[in-house]
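**Student:**
Chains as they are written, first to last, in my numbering: chain A, 888 to 1240; chain B, 7 to 570.
1. If we ignore side chains and look at the alpha-carbon of each, how far apart do residue 978 of chain A and residue 1176 of chain A end up?
2. List, in order along the chain, the chain A residues whose C-beta lies closer than 9 Å to that of residue 30 of chain B?
3. Inspect the CB distances between the stretch 187-200 of chain B and the stretch 160-179 of chain B and report whether three or more fall short of 8 Å.
4. Jot down the residue ranges of each uninterrupted beta strand (DSSP E) in the stretch 23-60 of chain B, minimum 3 residues, whole runs only, in chain order.
5. What residues from chain B crowd round residue 899 of chain A, counting only those whose CB sits closer than 7 Å?
6. Give a yes or no on whether the minimum CB-CB distance between residue 970 of chain A and chain B is below 8 Å.
7. Given a threshold of 16 other Cβ atoms within 10 Å of its Cβ, counted over all protein chains shown, does residue 1184 of chain A qualify as buried or as exposed?
8. Taking Cβ-Cβ distances shorter than 7 Å, what residues in chain A pair up with residue 350 of chain B?
9. Is it the case that the stretch 294-314 of chain B contacts the stretch 455-468 of chain B, given that we only count it when at least three CB pairs across the two stretches are under 8 Å?
10. Between the Cα of residue 161 of chain B and those of B:219, B:40, B:29 and B:139, spot the shortest distance and give me the residue it belongs to.
11. With a threshold of 8 Å between beta-carbons, can residue 426 of chain B be considered close to chain A, or not?
12. Would you identify the three-state DSSP class for residue 901 of chain A, choosing helix, strand or coil?
13. Please list, in chain order, all residues of the same chain as residue 90 of chain B whose beta carbon is under 8 Å from its beta carbon, the five residues on each side excluded.
14. Is residue 559 of chain B helix, strand or coil by DSSP?
15. Between the stretch 936-969 of chain A and chain B, which residues of the former have a C-beta closer than 7 Å to a C-beta of the latter?
16. For the stretch 1009-1027 of chain A, enumerate the residues whose C-beta is nearer than 9 Å to any C-beta of chain B, in chain order.
17. Between residue 23 of chain B and chain A, is there a C-beta pair that is closer than 8 Å?
18. Are the C-beta of residue 1041 of chain A and some C-beta of chain B separated by less than 8 Å?
19. Which same chain residues end up closer than 6 Å to residue 1181 of chain A when comparing Cβ atoms and leaving out the 5 residues on each side of it in sequence?
20. Using a C-beta to C-beta distance shorter than 9 Å, which residues of chain A count as neighbours of residue 114 of chain B?
21. Check the C-beta distance from residue 270 of chain B over to residue 399 of chain B and give it rounded, since I have them as a contact under 8 Å.
22. For the structure I just gave you, are there three or more beta carbon pairs, one from the stretch 1016-1029 of chain A and one from the stretch 1138-1157 of chain A, closer than 8 Å?
23. How long is the line joining the alpha carbons of residue 55 of chain B and residue 311 of chain B, rounded to whole angstroms?
24. Can you tell me which of B:403, B:80, B:478 and B:57 puts its alpha carbon nearest to the alpha carbon of residue 263 of chain B?
25. Taking contact to mean at least 3 C-beta pairs separated by less than 8 Å, is the stretch 1163-1171 of chain A in contact with the stretch 1223-1231 of chain A?
26. Quick one: which chain B residues come within Cβ less than 7 Å of residue 1212 of chain A?
27. Any Cβ of chain A within less than 8 Å of the Cβ of residue 368 of chain B?
28. Determine the direct distance from the alpha carbon of residue 300 of chain B to that of residue 461 of chain B, and round the result to whole angstroms.
29. Starting from residue 108 of chain B, follow its DSSP beta bridges and name the residues at the other end.
30. Note down, in chain order, every chain A residue with its Cβ under 8 Å from the Cβ of residue 529 of chain B.
31. Is it true that the CB of residue 526 of chain B sits closer than 8 Å to the CB of residue 965 of chain A?
32. Which chain A residues are close to residue 519 of chain B, counting only those with a beta carbon under 8 Å from its beta carbon?
33. Should the stretch 924-939 of chain A be regarded as contacting the stretch 373-382 of chain B, the criterion being three or more beta carbon pairs within less than 8 Å?
34. Can you check which of these residues, B:426, B:83, B:236 and B:347, is closest to residue 292 of chain B by C-alpha distance?
35. Got a sec, what are the start and stop residues for the alpha helix (DSSP H) residue 188 of chain B sits in?
36. For the stretch 375-432 of chain B, list the alpha helix (DSSP H) runs that are entirely contained and at least 4 residues long, ordered along the chain.
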């Protein structure tokens, strides 16, 4: 019994577990140390959690794009971060024009809807073209090939938008209606954060409904099960895949507008970090799984927002906020080692394409 | 095979529209405007105009080739229609720009661009000329198709050489200023800006005639020669290229040595990444981490500024390489079981972690934070401090020679074959008795070794290590160059580095658009020539076999970023 057990465990497993346990120990130790210091009040923690939820909602919407595409094509759409960037970057110009004509603050709901629509349309168009030009011809190619195209397309799009709209930061106008706080008893919550959380939630429910309860959603799920059989059942596979990309694009575009409501600047490189975070969120929740993407997004947002203060501050690390991206990456590596299937997913990270 | 006529016209219109969209993109992204000031033939044609017209020409050529029209008139007509479609998109852009202010959104929709689109004429005449030019250029593109292939080859070679010479005029002038009599001859073909018109004619005649002549000769492939001759040729090539490489910096001067150094460091890195990605098929996007670890270790060990250690470069270098290799193994362990895309994103995360850590205040006492590490030692060799670009060039050359030799010997070794087996199919490889853990770890270690070495030289060349030098873009550069050179091919790494790293250094205007072009090149390359510029023989066979199995995959019209 012991012998078979010893044979099954290899040296690399031991090292991996050692790394994992070391990180886990650091997290626990840091948390206890921070809590004992008592540097932060409960209000601060709540504040951090709400900030995290708002950010997490955005990650969840982007993660949805990764998850849908992964579910159907078994590939990671690296250029999805640029799909996310293209929408708000373009919509920023429309917002500017609306501000100039005075419509922006007079009809805030209408302007917001207009901006959301444009961002969703642009992002969806980019996603559609991406699939059509860069991925579709390579569907039968060796697995490394579409991955490389995706990376190439990502850089091409980034720098194409840099060339088109300029390399500077493009300010996104703020809405007067969303300035300031809403008070809930003793706690105050930024209005923008509330709007973002509920916006993300609503969008998520809509998309979940489409995937789960419509005829198209059924087609999508069957294509992701088995393309050949789906085709035999009369489902237009190419069209289904295109629409999947468009759905991912719409959700990324909406996420982009929510993102610039929180952080009111758009630029050509804005997609990179949220893109990786959202990917992490998708993996965290179980890639290929729609509710998983939502949970993963929220969880990652909260961890990232609370993490630097909670885990690192207690260890006496100066300026822990600088390391918040490291937390996300470490979480990613951690999940892929210990639970590659994510919280809600089936085992996919190790499966073959 | 005779095609349906209406399908032919539709195809021509579609191809033309795609060409026009590419021109539109080039114009709005600003590439055409950037190269407007660069004359190729002084006073006649600028690089901007070439970039504007070349896609139209090439797409018309393509349309005509695909149409397979039975008559000459038909072919020309197809080309003309394709060209007309392309320029009509440009005309729409122009007209739109006259009505609304596009510049509020598109930074490059400048009046200069509009002037160029209409050839400096007024709105009405300009648009007519623009459309007419489209027809003519399209027809010319189709007309080229009707020429015998020898002449076609000669023309295209001559055009490429003329463009290159025109673009690189300034740099050539600097180089030839040392050459005495030859300099006068060469200077004669150039004008103040680009080639002189008579120079262009001379270049066309010489290159055209040479290509025409050589295309007519019968070539014997090296592989078909008897072994004795094959060996002789190989030795001659090696000796000649060795001598050329040794005298290169002396002939070209300090500016080119700097460029060669950059290219060389990337060759070194590329050789390593080629093992990881090309041989073993493990897509590593965090390759820069090992480069950074190499550079930082040398910095920490030698810099008196931090005062932690006081080693010299030669003492520090082995440590740095060992640390990089260890980091490679440590990264390798957790990702052993992951497949392609997961691996890519985890390694990307790893690269970012290293950069963020180097940048953080937390590790500032050891790594210098955002200011980095200064005063890194130069290497000393027999009482000589290797510090200028030429001296470092030789050092890099030795490094490349060693690394290249190692990579070459590894490729056909037992280990190399295991790597390729793992690349093709992990499960089958394991069933064949290959130890996956050891094989993959060795690939990561070998890759990290070369990157670490390259990093140490980089640090000592700059005498500093800044966190900003180790961004994701280094990984992307390295990845692009091995893919464009040809995955798994060692000469491909050299070709890829020369093309990708050399061209932005030579052409400053181009540097602004390098990642745009790299990205487009990666996509286009994967679509039409996935085996790379200098492919590995086995890979080429594989990919073409796949193409035969799935016809039509390669025939998709690819967005072509013509020119550079």
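Note that beta-carbon positions come from the ideal geometry of N, C-alpha and C, so glycine has one too.
**Tutor:** Checking against the coordinates, here is how it stands:
1. Each residue's alpha carbon lies about 29 Å from the other.
2. Near residue 30 of chain B there are no residues of chain A at all, since even the closest Cβ is about 11 Å away, more than 9 Å.
3. Between the stretch 187-200 of chain B and the stretch 160-179 of chain B, the count of Cβ pairs shorter than 8 Å is three or higher; the stretches touch.
4. Qualifying beta strand (DSSP E) stretches, in chain order: 45-47.
5. For residue 899 of chain A, the chain B residues whose C-beta falls within less than 7 Å of its own C-beta are 339, 342 and 443, listed in chain order.
6. Not one chain B Cβ lies under 8 Å of residue 970 of chain A.
7. Note on residue 1184 of chain A: 16 or more other CB atoms within 10 angstroms of its CB, so buried under the neighbour-count rule.
8. Taking the beta carbon of residue 350 of chain B as reference, the chain A residues within 7 Å of it are 1034, listed in sequence order.
9. Two segments are said to touch when three or more pairs of C-beta atoms, one from each, lie closer than 8 Å; by this definition the stretch 455-468 of chain B touches the stretch 294-314 of chain B.
10. Of B:219, B:40, B:29 and B:139, the residue nearest in Cα terms is B:219.
11. Answer no: the Cβ-Cβ gap between residue 426 of chain B and chain A never drops below 8 Å.
12. Helix at residue 901 of chain A.
13. Closer than 8 Å at the Cβ level, and outside the excluded window around residue 90 of chain B, lie 22, 137, 140, 141 and 144.
14. In this predicted model, residue 559 of chain B has a pLDDT of only 42, less than 50, meaning its place in the structure is not dependable; the value taken from the coordinates is given anyway. Coil at residue 559 of chain B, not helix or strand.
15. Residues are counted here when their Cβ sits less than 7 Å from a Cβ of chain B; for the stretch 936-969 of chain A these are 962 and 963, given in chain order.
16. Close to chain B, meaning a Cβ-Cβ distance shorter than 9 Å, are the following residues of the stretch 1009-1027 of chain A: 1020, 1021, 1023, 1024, 1025, 1026 and 1027.
17. Taking CB atoms only, residue 23 of chain B has no neighbour in chain A less than 8 Å away.
18. Interface criterion met: the Cβ of residue 1041 of chain A is under 8 Å from a Cβ in chain B.
19. So the list reads 947 and 1091, once near-sequence residues are dropped.
20. Scanning chain A for C-beta atoms nearer than 9 Å to the C-beta of residue 114 of chain B yields 1050, 1051 and 1053, reported in chain order.
21. Here residue 270 of chain B really is in contact with residue 399 of chain B; their C-beta atoms are around 7 Å apart, less than 8 Å.
22. The answer is no - the stretch 1138-1157 of chain A does not touch the stretch 1016-1029 of chain A, with fewer than three Cβ pairs under 8 Å.
23. Answer to the nearest angstrom: the Cα atoms are 52 Å apart.
24. In terms of CA proximity to residue 263 of chain B, B:403 leads the group B:403, B:80, B:478 and B:57.
25. The stretch 1163-1171 of chain A and the stretch 1223-1231 of chain A touch, with no fewer than 3 CB-CB distances between them shorter than 8 Å.
26. Neighbours of residue 1212 of chain A on chain B, chain order: 358 and 362.
27. For residue 368 of chain B, the answer is yes, since a Cβ of chain A falls inside 8 Å of its Cβ.
28. A direct Cα-Cα distance of roughly 5 Å separates residue 461 of chain B from residue 300 of chain B.
29. For residue 108 of chain B, which the question treats as bridged, DSSP gives no partner whatsoever.
30. At a C-beta separation below 8 Å, residue 529 of chain B has these neighbours in chain A: 1020, 1021, 1036, 1039, 1040 and 1043.
31. Judged by beta-carbon spacing, residue 526 of chain B lies beyond the 8 Å limit of residue 965 of chain A, meaning their Cβ atoms are not closer than that value.
32. Near residue 519 of chain B (Cβ distances below 8 Å), the residues of chain A are 1046 and 1050.
33. Flag = no, the stretch 924-939 of chain A and the stretch 373-382 of chain B do not touch.
34. Here the closest residue by C-alpha is B:347.
35. That run of the alpha helix (DSSP H) goes 187-194.
36. With a minimum length of 4 residues, the continuous alpha helix (DSSP H) runs that stay inside the stretch 375-432 of chain B are 395-417 and 420-430.
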